[in-house]
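Take a look at the structure set out below.
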Amino acid sequence: MHSKDQICYEDYQQSADWLLSQTQHRPKVAIICGSGLGLLADALKCQDSFKYGDIPGFPQSTVHAIASSVQGHAGRLVFGELKGKTCVCMQGRFHMYEGHSLCKVTFPIRVFKLLGVETLIVTNAAGSLNDTYHCGDIMVIKDHINLPGLAGLNPLNGPNEEKFGPRFPPMSGVYDKHLRRMAFDICKSLGFAQFVQEGVYCMVGGPNFESIAEARLLHRLGVDAVGMSTAPEVLVAGHCGMRVFGLSLITNKVVKSYEDTESVNHESVLEVSKMRSETLQTLVTELVSRMDINNNTA
Ligand SMILES: O=P(O)(O)O[C@H]1O[C@H](CO)[C@@H](O)[C@H]1O
Ligand SMILES: Nc1nc2[nH]cnc2c(=O)[nH]1
4 MHSKDQICYE DYQQSADWLL SQTQHRPKVA IICGSGLGLL ADALKCQDSF
54 KYGDIPGFPQ STVHAIASSV QGHAGRLVFG ELKGKTCVCM QGRFHMYEGH
104 SLCKVTFPIR VFKLLGVETL IVTNAAGSLN DTYHCGDIMV IKDHINLPGL
154 AGLNPLNGPN EEKFGPRFPP MSGVYDKHLR RMAFDICKSL GFAQFVQEGV
204 YCMVGGPNFE SIAEARLLHR LGVDAVGMST APEVLVAGHC GMRVFGLSLI
254 TNKVVKSYED TESVNHESVL EVSKMRSETL QTLVTELVSR MDINNNTA
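Quick note on the numbering used here: the sequence shown kicks off at 4 and runs consecutively.
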């Protein structure tokens, strides 16, 4: 028996089967576009796209929670080819602060698994706590702190679905080392090295940005960048054995001083995202093109 919010294997299967019946594409790579980074999907050739609302079983709009209601998130699944590799791209993600349960937030990841996806590339917009970072920097995610997870809010809560993975999955090394190294090599060869960093991302629940005391706490914890997404999707991808690669685009510095009169807003986040969107598109395209997808080694 599953509670109203519990999602069962057949629900994921239903969405996957429907998608497989609607497109000839059989993606091995899934890409999640962060706020303002929807341009990543535009690079796909021979596109088939589906509005989230049209996909059976996919998280639906509600009065309080509309995936596409977050500005900068289109709410479409786009299938296509990136340098000859078949990909599926989420143009817009679901956030916990929209009112979705974490099972809903991460629903697409398990659908991707059933479509045959082996590698997840996750992107986000984030604020920096690391004083050496600048707006517009790209941070390769080395690791994360899942603050809601530490407090018990976890998409893997509830009966474990053994068909996807084990009850107690490890999360050390979830961000693939090989792909991280490859990203740095690519950045060097593309001339991006001066604005690429590697660091720790922290997920907070949002939707508010950090208070100064919270920012200072995160800084002390060793967080390099903070945002309101990513960790749940990565947990579920790691649980079902996908290889994960993550990028944060640093859209703002998190205010840590009471003397500072600046404050962040979503519009400025989107502005910086758009400014670097093309760079991210180039990096992700090159990464996908260099991946050896068949045997899942880069
Ligand atoms: O993480 P993504 O979806 O990129 O979006 C980030 O930007 C929004 C805040 O401006 C929040 O949703 C935060 O998580
Ligand atoms: N929590 C949080 N999310 C963000 N997304 C983009 N910038 C920020 C930020 O400064 N804080």
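Glycine included, C-beta positions come from ideal geometry on N, C-alpha and C.
Remember, predicted model here, so these are calculated numbers, not experimental data.
CA-CA distance, Met245 to Leu23, rounds to 19 Å. DSSP places Ile112 inside the alpha helix (DSSP H), whose first and last residues are Phe110 to Leu118. DSSP places Thr288 in the uninterrupted alpha helix (DSSP H) bounded by His269 to Arg293.
For Gly208 and Lys116, the gap between their C-alpha atoms comes out near 26 Å. Taking the Cβ atoms as the reference, Leu43 lies roughly 16 Å from Cys49, outside the contact range of under 8 Å. The stretch 117-133 makes contact with the stretch 223-237, as at least three CB pairs between them are under 8 Å.
In this structure, Leu290 and Leu182 form a Cβ contact; the two beta carbons are roughly 7 Å apart against a cut-off of 8 Å. Under the DSSP definition of a beta bridge, Glu262 lacks any partner. In this chain, Ser192 is not harboured by any beta strand (DSSP E); it is covered by the alpha helix (DSSP H) spanning Lys180 to Leu193.
Listed as beta-bridge partners of Tyr204 by DSSP are His147 and Ala228. Setting aside the 5 residues that flank it on each side, Met206 is surrounded in the same chain by His147, Asn149, Leu150, Pro151, Gly230, Met231, Ser232, Thr233 and Ala234, each with a C-beta closer than 7 Å to its C-beta; the list follows chain order. If the five residues before and after Tyr100 are omitted, its C-beta is found closer than 7 Å to the C-beta atoms of Gly208, Gly209, Pro210 and Met231, all from its own chain and listed in chain order.
A distance filter of 6 Å between CB atoms and the heavy atoms of ligand 2 selects the following residues in sequence order: Ala128, Ala129, Gly130, Val207, Gly209, Phe212, Glu213, Val229, Gly230, Met231, Thr254, Asn255, Val257, Val267 and Val272. Taking a C-beta distance under 7 Å as the contact criterion, Lys259 and Ala218 qualify as a contact pair.
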